[in-house]
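In the working numbering, the protein residues as written are 863 to 975. Okay, structure first, notes after.
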């Protein structure tokens, strides 16, 4: 029991340091996460999803907006642009990152600009 409480306390402290003013419920904007390593990794995860599921080969990525929602983990709503061949695309993806660091795509869309 004490090990669980200690592990939970470590996670709370780690996430508080990362996200500072987390709001529970709705999404909150986090422009400071645009160049964050976690955001970059989750965006790469989304690009792999688009490649496998929608046959989009996105390159030259630029993250434009990051919002997070705290649930039993964190939902990252990431907006980015990228090139699919000669066509510029605007994409939005919701990636869930659990406390066990497993990732899951909940919503993903790309539209031509």
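The beta-carbon is built from N, C-alpha and C at its ideal position, and this holds for glycine as well.
| Item | Value |
| --- | --- |
| Under 8 Å by Cβ, that's how I've got residue 907 and residue 972 pegged, so tell me the actual separation to the nearest angstrom. | Residue 907 to residue 972, Cβ: 15 Å. No contact. |
| If residue 895 and residue 928 are in contact, beta carbons under 8 Å, what's the gap, nearest whole angstrom? | 4 Å |
| Would the C-beta of residue 935 count as close to the ligand ZN, meaning under 7 Å from any of its heavy atoms? | In the structure on display, the ligand ZN does not appear, and there are no ligands present to speak of. |
| What residue does the beta strand (DSSP E) around residue 804 start on, and which one ends it? | With the chain running from 863 to 975 in the structure shown, residue 804 is simply not present. |
| In three-state DSSP terms, what is residue 890? | strand |
| Tell me where the beta strand (DSSP E) around residue 945 begins and ends. | 935 to 946 |
| Counting only the same chain and skipping the five closest in sequence on each side, list residues whose C-beta sits under 6 Å from that of residue 969. | 956 |
| Classify residue 946: buried if its beta carbon has 16 or more other beta carbons within 10 angstroms, exposed otherwise. | buried |
| Which residues bound the beta strand (DSSP E) around residue 952? | 949 to 959 |
| DSSP has residue 924 in a bridge; who is on the other side? | 943 |
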